[in-house]
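Spelled out as structure tokens, the structure:
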């Protein structure tokens, strides 16, 4: 395993690899069987040993001179993906509680390790100390840490009062019940009869006033960043500042061996399923339109039931009502992670079911669109026409781990067929130029949508056949409508469809191939468009049609309009001029590019962070499309009463590779290894 850290050097990899690749685990095949091989700090030298790295490959060994060694400055901590810059103030634990100091002697012949929230009076019988004075106290150390007593050790430890309702449960069941000082002698007598060592300590310090304080960096490493700490989003130039922390310093939830979420400690005793959370996401750094803050997230029956401080109110301070962790509760460790609401893609061509796997692996939990598979119509338009196909597609999507919305075909200047599709289950009607988006069809479709209270979505007329963009706007007649790919490369009145963003009734969105505008954006679009819309390079008019849609000027303007909030949504146009696995990625690429080119937004000036911009961009694929499509009361944000559709990110991989995707409180996708491996963290990893 030591050889693994000598193969590649810093000169052979990008600088970010050194800070993000902490260890590699592989299942090695040996003559005696399969064994786990762990390489710690795999990039730990400048030059490595390429001869060893390429051993057995029969490839020539390149000279290290071909790989320039990066400048030392690129390895500065704040330049690393997902970097955390902590505030200067220390964190004080369990503030406002009484503390005492006691001498403890280990009389056992084996090590004894006591966790932070274990009731100290109930500890191992071979620990000798004044148990009467320890009644109602626990170790005054960070939550989830412990103190180890080797045989014969003598240590003086600081104890702090338990919090909450001060009720002792579990342990050795010797001090069970509310802490009542008059019971202390009786409890100690019972302990001694049971063989528990007790040594009165008259000189013990009973009013110890020194508070336990943690260095901010140590706290962030253990529990994640807290109020006023800064976090870099991936490798972008975007930084967020934690606005508030709803957890309680000293009583944080932490799962694992010797940690706090154990029976009688952070996990409450005797709480039925009806009183306990189904799942808690601990110490989550929430990035949402509503704020950027730290909290535990409680999930019950697939819904977000509470946000705040979770745990055991018997021994912990500040536990939010409805956030009890009991034996019916599972845990997702959110410390050091960023949590966002599940993404929403409202421009899906349902060409193949495998799109769902790609989308959910990128952080999308809701797909809305239309189609019937890879037909000519579906490859170009997001329409599921007719009652039969509506029923079949809804049934076909039942097994997908996503929220699904199906849009019908809205291109009809008479209402009867449109009503049929809505009554069959369409959650919206789509107007597409390939089916003829005339003013008459627009007016009828909007009328039916208003009548039946669903959304109308439109891909306008690139041909300008029935009129220019003004004719389409007049047909809207002030009614609310969602305009797809509002810039126009994805389709729409040439060259000025982008002008619709100025109208208050228009809800504009982008599709991701134009996001953001870079050196390669234009080059891919012509052939992409010709294929998706069944055009021929042998027909001059088809080529002219395609070329009229692709304009550098409006694509570049689209960047700025997103940054101003004038274009409010992002979507994919999956497999029909778009990539269903890149909605989230390209949203943050656009935000980064705008930060680099345009600097801080006015709202962020002087804050040292990009919180306003980050809230604006996360809204583009969460709350904004949810509100636009009429299901913002169910999804689109991390709020109580909404579906527990959550995405867990490592800050270093924010926007690119989720750690977990949770759908309705169940893990729907994760980076997972081969099922025969001994650990879930071995390589290679795939999304399942």
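In my numbering, the protein residues as written are 38 to 725.
Glycine is no exception: its CB is placed at the ideal position from the N, C-alpha and C atoms.
Computed from a predicted model, the values in this text were never measured in an experiment.
In this structure, the CA atom of residue 82 is about 17 Å from the CA atom of residue 103.
The secondary-structure analysis by DSSP pairs residue 382 across a beta bridge with 404. The three-state secondary structure of residue 565, taken from DSSP, is helix.
Nearest to residue 520 by alpha-carbon distance, out of 549, 467 and 511, is 467.
DSSP lists 324 as the bridge partner or partners of residue 329.
Distance check between residue 333 and each of 683, 710 and 712 places 683 closest, using alpha-carbon atoms only. Judged by DSSP secondary structure, residue 655 falls within the alpha helix (DSSP H) whose first and last residues are 648-656.
Its chain contains 346, 354 and 355 as the residues whose beta carbon lies nearer than 6 Å to that of residue 285, once the 5 sequence neighbours on both sides are disregarded; these appear in chain order. Bounds of any beta strand (DSSP E) do not take in residue 660; it lies within the alpha helix (DSSP H) bounded by 660-666.
DSSP places residue 140 inside the beta strand (DSSP E), whose first and last residues are 136-143. Within the same chain, Cβ atoms closer than 8 Å to the Cβ of residue 313 are found at 305, 361, 362, 363, 364, 365 and 366, the five residues on either side in sequence being excluded. Taking 8 Å as the upper bound for CB-CB distance, residue 378 and residue 674 are in contact here, some 5 Å apart. Rounded to whole angstroms, the gap between the alpha carbons of residue 163 and residue 179 is 24 Å. DSSP, reduced to helix, strand and coil, places residue 465 within a strand of the structure shown. Per DSSP, residue 493 lies in no alpha helix (DSSP H) segment; the continuous beta strand (DSSP E) that holds it begins and ends at 492-496.
Within its own chain, the residues whose Cβ lies closer than 7 Å to the Cβ of residue 221, once the five positions on either side in sequence are excluded, are 169 and 172, listed in chain order. The C-beta distance from residue 176 to residue 153 rounds to 5 Å, short enough to meet the 8 Å contact threshold. For residue 267, the secondary structure class from DSSP, reduced to helix, strand or coil, is strand. With a threshold of 16 other beta carbon atoms within 10 Å, residue 470 meets it and is buried.
280 is the residue among 342, 280 and 302 whose C-alpha sits nearest the C-alpha of residue 325. Counted as a single uninterrupted DSSP element, the beta strand (DSSP E) harbouring residue 186 occupies residues 183-186.
Counting C-beta pairs closer than 8 Å gives fewer than three between the stretch 123-130 and the stretch 199-211, which falls short of the contact rule. For residue 600, the enclosing alpha helix (DSSP H) stretches over residues 589-601. Under the DSSP definition of a beta bridge, residue 489 lacks any partner. For residue 233, no beta strand (DSSP E) encloses it, and the DSSP letter there is neither H nor E. Residue 175 has 197 as its beta-bridge partners, per DSSP. Straight across, the Cα-Cα distance linking residue 234 with residue 715 is about 41 Å. Bounds of any alpha helix (DSSP H) do not take in residue 278; it lies within the beta strand (DSSP E) bounded by 276-278. The alpha helix (DSSP H) runs lying completely inside the stretch 393-446 and spanning 4 residues or more are 413-417 and 423-433, given in chain order. DSSP places residue 319 in the strand class (E or B) of the three-state scheme.
Rounded to the nearest whole angstrom, the CA to CA distance from residue 638 to residue 64 is 48 Å. Residue 81 has no beta-bridge partner at all, per DSSP.
Secondary structure of residue 604 (DSSP, three-state): coil. DSSP places residue 311 in the helix class (H, G or I) of the three-state scheme.
The criterion of a C-beta distance shorter than 8 Å is satisfied by residue 402 and residue 700. Residue 264 and residue 330 have their alpha carbons spaced roughly 8 Å apart.
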